[in-house]
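Inspection log for the structure reproduced underneath, given as structure tokens.
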Amino acid sequence: MSKMNRGKRLVVIGNGMAGARVVEEILKRDAKKFEITMFGAEPYGNYNRILLSNVLNGTETPTDIFINPLSWYEENGITLHAGVKAIEIDREKKVVVGRSLNKNDSPYAAENPPLNGAATVEVPYDSVIIATGSRPFVPPVEGYGGPGAFLFRTLDDCAQIEEYAKGCKKAAVIGGGLLGLEAARGLMTHHVHVTVLEAAPQLMPAQLDAKGGRLLRSAIEAMGIAVFCGKITTRIERENGLIQRLIFKEGEPLETDMVVVSAGIRPVTEIAKASGLTVERGIVCNDQMRTNDPEIFALGECVEHRGQIYGLVGPIWEQAEVLADVMTEADPKAKYTGSKLGTKLKVMGVDLVSMGQTESFDPAGEVVTYREPKRGIYQKLLIRNDKLIGAILLGDVQVGDTLMQTFKEERKVSDNRSELLFGVPEVSSLTDVLEMPDSLQICNCNGVSKGEIRDRIRTENCTSVAQIGKCTKAGTGCGSCKMVIAQLIRAYAGEIVSNPSEHYYVPGVPLEKSELIAAIQEKGLKSVSAIFRKLAGGKEHAESKAGLASLLKSIWNEEYEDERDARFINDRVHANIQRNRTFSVVPRIYGGVTSAEELIRIGTVAKKYKVPMVKITGGQRIDLLGIQKEDLPKVWKELGIPSGHAYTKAVRTVKSCVGTDFCRYGLGDSIRLAQEIERRYQGIESPHKIKMATAGCPRNCSEAYVKDVGVVAIEGGKWEIYVGGAAGGTVRKGDLLCTVDTHEEVLKYVGRFIQYYREHAKYMERTYGFAERIGIGQLKAVLIEDELGICNRLDTSIEASVQSYKDPWREEADLPADPAQFKGPEWIPVLKEAVHHG
Amino acid sequence: MVEKNKLVNRSVNLGSVEKIPLGQGFCFVVGKEEIAVFRPRSGGLFALQNRCPHRNAPLCEGIIDNHHVICPYHARKFEFRTGVGSEKGESVQVYDVCVENGDIVLSKCPDANHVST
Ligand code: SRM
Ligand SMILES: Cc1cc2nc3c(=O)[nH]c(=O)nc-3n(C[C@H](O)[C@H](O)[C@H](O)COP(=O)(O)OP(=O)(O)OC[C@H]3O[C@@H](n4cnc5c(N)ncnc54)[C@H](O)[C@@H]3O)c2cc1C
Ligand code: SF4
Ligand code: FES
Numbered sequence: 002m003s004k005m006n007r008g009k010r011l012v013v014i015g016n017g018m019a020g021a022r023v024v025e026e027i028l029k030r031d032a033k034k035f036e037i038t039m040f041g042a043e044p045y046g047n048y049n050r051i052l053l054s055n056v057l058n059g060t061e062t063p064t065d066i067f068i069n070p071l072s073w074y075e076e077n078g079i080t081l082h083a084g085v086k087a088i089e090i091d092r093e094k095k096v097v098v099g100r101s102l103n104k105n106d107s108p109y110a111a112e113n114p115p116l117n118g119a120a121t122v123e124v125p126y127d128s129v130i131i132a133t134g135s136r137p138f139v140p141p142v143e144g145y146g147g148p149g150a151f152l153f154r155t156l157d158d159c160a161q162i163e164e165y166a167k168g169c170k171k172a173a174v175i176g177g178g179l180l181g182l183e184a185a186r187g188l189m190t191h192h193v194h195v196t197v198l199e200a201a202p203q204l205m206p207a208q209l210d211a212k213g214g215r216l217l218r219s220a221i222e223a224m225g226i227a228v229f230c231g232k233i234t235t236r237i238e239r240e241n242g243l244i245q246r247l248i249f250k251e252g253e254p255l256e257t258d259m260v261v262v263s264a265g266i267r268p269v270t271e272i273a274k275a276s277g278l279t280v281e282r283g284i285v286c287n288d289q290m291r292t293n294d295p296e297i298f299a300l301g302e303c304v305e306h307r308g309q310i311y312g313l314v315g316p317i318w319e320q321a322e323v324l325a326d327v328m329t330e331a332d333p334k335a336k337y338t339g340s341k342l343g344t345k346l347k348v349m350g351v352d353l354v355s356m357g358q359t360e361s362f363d364p365a366g367e368v369v370t371y372r373e374p375k376r377g378i379y380q381k382l383l384i385r386n387d388k389l390i391g392a393i394l395l396g397d398v399q400v401g402d403t404l405m406q407t408f409k410e411e412r413k414v415s416d417n418r419s420e421l422l423f424g425v426p427e428v429s430s431l432t433d434v435l436e437m438p439d440s441l442q443i444c445n446c447n448g449v450s451k452g453e454i455r456d457r458i459r460t461e462n463c464t465s466v467a468q469i470g471k472c473t474k475a476g477t478g479c480g481s482c483k484m485v486i487a488q489l490i491r492a493y494a495g496e497i498v499s500n501p502s503e504h505y506y507v508p509g510v511p512l513e514k515s516e517l518i519a520a521i522q523e524k525g526l527k528s529v530s531a532i533f534r535k536l537a538g539g540k541e542h543a544e545s546k547a548g549l550a551s552l553l554k555s556i557w558n559e560e561y562e563d564e565r566d567a568r569f570i571n572d573r574v575h576a577n578i579q580r581n582r583t584f585s586v587v588p589r590i591y592g593g594v595t596s597a598e599e600l601i602r603i604g605t606v607a608k609k610y611k612v613p614m615v616k617i618t619g620g621q622r623i624d625l626l627g628i629q630k631e632d633l634p635k636v637w638k639e640l641g642i643p644s645g646h647a648y649t650k651a652v653r654t655v656k657s658c659v660g661t662d663f664c665r666y667g668l669g670d671s672i673r674l675a676q677e678i679e680r681r682y683q684g685i686e687s688p689h690k691i692k693m694a695t696a697g698c699p700r701n702c703s704e705a706y707v708k709d710v711g712v713v714a715i716e717g718g719k720w721e722i723y724v725g726g727a728a729g730g731t732v733r734k735g736d737l738l739c740t741v742d743t744h745e746e747v748l749k750y751v752g753r754f755i756q757y758y759r760e761h762a763k764y765m766e767r768t769y770g771f772a773e774r775i776g777i778g779q780l781k782a783v784l785i786e787d788e789l790g791i792c793n794r795l796d797t798s799i800e801a802s803v804q805s806y807k808d809p810w811r812e813e814a815d816l817p818a819d820p821a822q823f824k825g826p827e828w829i830p831v832l833k834e835a836v837h838h839g
Numbered sequence: 260m261v262e263k264n265k266l267v268n269r270s271v272n273l274g275s276v277e278k279i280p281l282g283q284g285f286c287f288v289v290g291k292e293e294i295a296v297f298r299p300r301s302g303g304l305f306a307l308q309n310r311c312p313h314r315n316a317p318l319c320e321g322i323i324d325n326h327h328v329i330c331p332y333h334a335r336k337f338e339f340r341t342g343v344g345s346e347k348g349e350s351v352q353v354y355d356v357c358v359e360n361g362d363i364v365l366s367k368c369p370d371a372n373h374v375s376t
């Protein structure tokens, strides 16, 4: 685009969410009106700051969160000075002066580093927009600064925190608000033990009442994060330059290796002040986002409007529209009158939505609460004059979107208040989404409107929520709008088309795992072909079959209608295919313990069938390799030992060490425990293989720390249960799920974990990926503290699978389910025929 | 269609279609050629060269859908109608089969004198 035909010169100071957004809005209205120059103190294009929490917790990479890459500026003819801080607006000369920052200069330092001949730029302007945002507030803590002390505001902050955390065991977060908790959760993924220190008597004091604060605290603690409230940090103590501990106004010091401060924000106003603009707490603007200089505007977190300053993106999107209307004269009289705020905590495993007031001090006000302790649900509505003036939803946020709209639009609420919480959420009908106005914002985190989503569905053929997310970022913030996006896709694209690489359980059925399970149960689908018929329009998909078969088996147990063609060859013949098309047979050897009789039988069979190799496996058992397919049923029968399931996605081995029987260090009877576990859970099918071990003491000779489930005896007659360990292609130490006293308890928690894994893991996701994805805090909360109230059901389900277990070798040795399967190729005598016909 | 081997115009009866479990494949050795015949649940019958061009796996043991078979060794995928494989440059021979009076009939068969690679 040529700059020639553009008229006025517009300089935008600040290239954050507000600065970039208002430019987009201006271009949308009139791409030719201004010649635009932007200053950004950070050395990047524009990125989505609210997704920094995801970068820190590892679910997104920095490149994922860029909104406008550098090429966008070029394509739109915008001159971007990235890494250049604007230091002065010379209102006499009408120029903005900027200077480059060095790599180590903080983009949000209040003091500018001395110029010392650093390069400056001067850009003349007709209008200026200030969008300098805010900076983290650092409370007076003696010794703050230097290595190991961080703020949490920019991509660079994130990178530095991650890098430093690698060398740390413990981290402290000062501040228990929205950002502090997201930082704490993010730090946990870097394997440090995290403590949150909040000065107020409760967590998230700005968004929660005292009760909500208490409940949130237990949810956070259940994730393995320590929480102290009413803790005022006064000093950071160092030794040899490294942080050692924090000292508080009251109470014991806290040992820590690093500190992240997230104790609120303050508007960045220096440049406005230095240029003689009116600044109170923020840069003062009128309803047209104009400062006291008619050519200088401001928006975003640096602004004070009608006495309010904001710390969320919602108001920014509204301000950007008004300002763009005013500046392009699309609507010179447009007015911004203030925003109503709602927030959602983006901490995996904690559902929390809050809006408006949290307490009612008004005698005319009504308070409606609903509490369900077992599922950790707390909901509170504040109503005045039949209007919703505030709400807290903790534990169950299904109605969050509907309530938010009711609140923002000041809709009158029904006399039957309970409908607000339990009435069917109305957004669901397709006609509703069709009738929504184009301008209605669907994704509040990223400011994406219905019209934009519809256009992407039409022009770029986006047919999955994830694709919409890639194109527009909608649905990638807190995620609460995903339902509506899915409905828009259904309404405008007909249906959600399968998209293999994304979230479906298997590529051939367009449903996520939980939706798929629900559909299977609701429709009573018991075979793989029934699923294709009812849920995939009759279209079979080879790659999806084995995953579906495994899922059906774990849902229906013996009611499952087995179709052999849906199984992988190994599962059809209960043996592992080898490179020369023979098979291997691994009999079950419980806990790695065999007997002379068994060994003799194994030897006899090996001789009789001329087994080319008899090998001790890495799983403490014996492998007979090189058996012909036709011989398999006979081999099983003559072995007379159950299948070891070395060929399938199921519970495999439970290795053990010699434990108290013989070892001088043994603290627990690892052999007996391993055999109990293996007898109980043998062959239970799951999304991927499950390998276990028990160890008689923490010397861990059976490698229990690196198994999918490992149980280790410790002093005091106790057992530690570890989950998510691995020592194959990936090596990972398991996470401690719990410590228990008896074998019965071990069996109970192991079973519960296996069942939860069966229900929630993706197909072919080993426990090491699963435990990492869900987080041990969440696993503890769900499986030990029973936060969701599902433990009884998990226990019953796994019990049903245990009861329905049958040894496949024994079942099929005499009468194979599918005799053809054990047949070799059939010879067709062609030469003779050729003679006849010839 | 990929025509790799020399075929001669002669039909061969492979016996009852019931030999092949519904939704699976079965291997016949016709002369010197291994031929995998597949019987999708949606109907129809397809025949391909049995040996996977990648590492020689028996394709007859693979999982199938209405249009493809997946190799049991390293999951390459081959199309029934054309023999075209999921990896560039890998394909398998396709044979014409149909069902006559409940029997599988191969309408062109490998030249008995031809030795395939
Ligand atoms: C036989 C055995 C090697 C041996 O001679 O010792 C073996 C053999 C195979 N392993 Fe293994 N693994 C064997 C112990 C292990 C172990 C050690 C253990 O179980 O304590 C590990 C590390 C633990 C783990 O599972 O992480 C192990 C990690 C793997 C992996 C890597 C898994 C990962 O995600 O990192 C694979 C590949 C996979 O699953 O995709 C694999 C896959 C295989 C397969 C099944 C490959 C295949 O699909 O054909 C091999 C079958 C060979 C065959 O033709 O029968 N095998 N494999 C061991 C059988 C144990 C048993 O008694 O059941
Ligand atoms: C980790 C995190 C999570 C968040 N989560 C949410 C959430 O879930 N929901 C929500 O609504 N909000 C959330 N927020 C808040 C949201 O990010 C802010 O409201 C928003 O970024 C403010 O936009 P802004 O443009 O005003 O400021 P910023 O995005 O901070 O942009 C200001 C930019 O201007 C630059 N700048 C400053 N001074 C100058 C100068 N003199 N010259 C040149 N450049 C300058 C700064 O370096 C910065 O890049 C979150 C914030 C963080 C840090
Ligand atoms: S390490 Fe395992 S998968 Fe690899 S060759 Fe050996 S047995 Fe096979
Ligand atoms: S042998 Fe068929 S894919 Fe490797």
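Order-wise, the sequence lines are chains A and B.
Just remember that the numbering used here sits 1 ahead of the position in the first sequence, which is counted from 1.
Just remember that the numbering used here sits 259 ahead of the position in the second sequence, which is counted from 1.
Even glycine gets a Cβ: it sits at the ideal position worked out from N, Cα and C.
Since this is a predicted model, take the numbers as computed values, not measurements.
Proximity below 8 Å, CB of Gly669(A) to CB of Ala705(A) = On the first sequence, residue 669(A) is found 668 positions in, with the first residue counted as 1. On the first sequence, residue 705(A) is found 704 positions in, with the first residue counted as 1. Contact flag unset, no.
What are the boundary residues of the beta strand (DSSP E) that Ala227(A) is part of?
-> Within the first sequence, numbered from 1, the residue matching residue 227(A) stands at position 226. Segment Ala227 to Phe229, the beta strand (DSSP E) holding Ala227(A).
Of all Cβ atoms in chain B, is any one closer than 8 Å to the Cβ of Asp688(A)?
-> Within the first sequence, numbered from 1, the residue matching residue 688(A) stands at position 687. Correcting the residue type first, residue 688(A) is Pro in the shown sequence and not Asp. So no, Pro688(A) is outside the interface.
Tell me whether Gly302(B) is buried or exposed, calling it buried when 16 or more other Cβ atoms sit within 10 Å of its Cβ.
-> Mapped onto the second sequence, residue 302(B) falls at position 43. If you draw a 10 Å sphere on the C-beta of Gly302(B), you find fewer than 16 other C-beta atoms in it, and that means exposed.
Check: Cys303(A) C-beta below 7 Å from any heavy atom of ligand 2 | Position 302 of the first sequence, counted from the first residue, corresponds to residue 303(A). The answer is yes for Cys303(A).
Can Gly46(A) and Asn77(A) be called in contact, C-beta distance under 8 Å?
-> As a position in the first sequence, residue 46(A) is number 45, starting the count at 1. As a position in the first sequence, residue 77(A) is number 76, starting the count at 1. For Gly46(A) and Asn77(A), no; Cβs fall outside 8 Å.
For Phe297(B), which of helix, strand or coil comes out of DSSP?
-> Translated into positions along the second sequence, residue 297(B) becomes position 38. Phe297(B) falls in the strand class under three-state DSSP.
Who are the neighbours of Arg582(A) on chain B, taking C-beta pairs under 9 Å?
-> Mapped onto the first sequence, residue 582(A) falls at position 581. Within chain B, the residues near Arg582(A) are Asn315, Ala316, Pro317 and Glu320.
Pick helix, strand or coil for Ser135(A), following the three-state DSSP scheme.
-> The residue labelled residue 135(A) in the question sits at position 134 within the first sequence. If DSSP states are grouped into helix, strand and coil, Ser135(A) belongs with the strands.
Under 8 Å from the C-beta of Cys286(B): neighbouring residues of chain A = The residue you call residue 286(B) lines up with position 27 of the second sequence. By Cβ distance, chain A contributes Gly825, Pro826 and Glu827.
Check whether Gly17(A) and Gly277(A) have beta carbons under 8 Å apart = Taking the first sequence and counting its residues from 1, the one referred to as residue 17(A) is at position 16. Taking the first sequence and counting its residues from 1, the one referred to as residue 277(A) is at position 276. In this structure, Gly277(A) does not lie closer than 8 Å to Gly17(A) by Cβ.
Can we count Asn69(A) as close to ligand 6, meaning its CB is less than 7 Å from some heavy atom?
-> With respect to ligand 6, the structure offers nothing, as its ligand set consists of ligand 1, ligand 2, ligand 3 and ligand 4.
Is it right to say Trp828(A) is buried, meaning 16 or more other beta carbons lie within 10 angstroms of its own, or is it exposed?
-> By 1-based counting over the first sequence, the position of residue 828(A) is 827. When all chains shown are included, Trp828(A) counts as exposed.
Report, in whole angstroms, the separation of the C-beta atoms of Leu738(A) and Ile785(A), which I expect to be a contact under 8 Å.
-> Walking along the first sequence from the start, residue 738(A) turns up at place 737. Walking along the first sequence from the start, residue 785(A) turns up at place 784. About 7 Å separates the beta carbon of Leu738(A) from that of Ile785(A), a gap short enough to meet the 8 Å contact definition.
Contact between the region 440–450 of chain A and the region 470–487 of chain A (3+ Cβ pairs under 8 Å) = yes
Kindly list the residues whose CB is nearer than 6 Å to the CB of Ile722(A), restricted to its own chain and excluding five residues on each side of it in sequence; keep chain order.
-> On the first sequence, position 721 is the one that residue 722(A) refers to. The residues are Val712, Leu738, Cys739 and Tyr750.
Is there at least one Cβ from chain A nearer than 8 Å to Gly282(B)'s Cβ?
-> For the purposes of this step, residue 282(B) is taken as the residue at position 23 of the second sequence. For Gly282(B), the answer is yes, since a Cβ of chain A falls inside 8 Å of its Cβ.
Cβ of Arg653(A) versus every heavy atom of ligand 1: is any distance shorter than 7 Å?
-> If you number the first sequence from 1, residue 653(A) lands on position 652. It does: the Cβ of Arg653(A) is within 7 Å (strictly closer) of some heavy atom of ligand 1.
Cβ of His333(B) within 8 Å of any chain A Cβ = Position 74 of the second sequence holds residue 333(B). It does not: the Cβ of His333(B) has no partner Cβ on chain A nearer than 8 Å.
Three-way DSSP call (helix, strand, coil) for Met356(A) in this model = To locate residue 356(A), count along the first sequence from 1; it is residue 355. In this structure, Met356(A) counts as strand in the three-state DSSP scheme.
Report the option in Pro141(A), Val12(A) and Leu71(A) whose CA atom is closest to the CA atom of Ile88(A).
-> If you number the first sequence from 1, residue 88(A) lands on position 87. Taking only the C-alpha atoms, the option nearest Ile88(A) is Val12(A).
Provide the residue span of the alpha helix (DSSP H) that contains Cys1(A), from first to last.
-> In the structure as shown, chain A begins at 2 and stops at 839. Residue 1(A) is therefore absent and cannot be evaluated.
Sort Cys286(A), Pro202(A) and Cys792(A) by Cα distance to Glu305(A) and report the nearest one.
-> Here residue 305(A) refers to the residue found at position 304 of the first sequence. Of the candidates Cys286(A), Pro202(A) and Cys792(A), the one whose C-alpha sits nearest the C-alpha of Glu305(A) is Cys286(A).
Leaving out five residues on either side along the sequence, give the residues of the same chain with a beta carbon under 7 Å from the beta carbon of Thr359(A).
-> In the first sequence, the residue the question calls residue 359(A) occupies position 358. For Thr359(A), same chain residues with a beta-carbon under 7 Å away, outside a window of 5 residues either side, are Gln208, Leu209, Asp210, Gly391 and Ile393 in chain order.
Would DSSP call Ser1(A) helix, strand or coil?
-> What the structure shows of chain A is the stretch from 2 to 839, and residue 1(A) is not part of that stretch, so it cannot be assessed.
What do you reckon, is the C-beta of Cys472(A) under 7 Å from a heavy atom of ligand 2?
-> Here residue 472(A) refers to the residue found at position 471 when the first sequence is read from its first residue. No, ligand 2 has no heavy atom inside 7 Å of this Cβ.
For Gln761(A), three-class secondary structure by DSSP = What you label residue 761(A) is simply residue 760 of the first sequence in a count that begins at 1. For clarity, residue 761(A) is His in the given sequence; the question names Gln instead. In the three-state scheme derived from DSSP, where H, G and I count as helix and E and B as strand, His761(A) is classed as helix.
Please list the segments of the beta strand (DSSP E) lying wholly inside the region 322–405 of chain A, counting only runs of 3 or more residues, in order along the chain.
-> DSSP runs (the beta strand (DSSP E)) wholly in the region 322–405 of chain A: 343–345, 353–357, 367–373, 378–385 and 388–395.
Minimum Cβ-Cβ distance from Lys554(A) to chain B less than 8 Å | For the purposes of this step, residue 554(A) is taken as residue 553 along the first sequence, with counting starting at 1. With its beta carbon at least 8 Å from every one in chain B, Lys554(A) lies outside the interface.
Closer than 8 Å at the beta carbon, the chain B residues around Ala821(A) | Looking up residue 821(A) in the first sequence gives position 820. Correct list: Lys278, Ile279, Pro280, Gln283 and Phe285.
Burial state of Met614(A), where buried means 16 or more other Cβ atoms lie within 10 Å = The residue given as residue 614(A) occupies position 613 in the first sequence. With fewer than 16 neighbouring CB atoms inside 10 Å of its own CB, Met614(A) falls in the exposed class.
Taking a Cβ distance cut-off of 7 Å, strictly less, list which residues of the region 519–546 of chain A are near chain B, in chain order.
-> Ser530, Glu541, His542, Ala543, Glu544 and Lys546
Is Asn577(A) near ligand 4, going by C-beta to nearest heavy atom under 7 Å?
-> Numbered from 1 along the first sequence, position 576 holds the residue referred to as residue 577(A). Checking every heavy atom of ligand 4 against the Cβ of Asn577(A), none is found closer than 7 Å.
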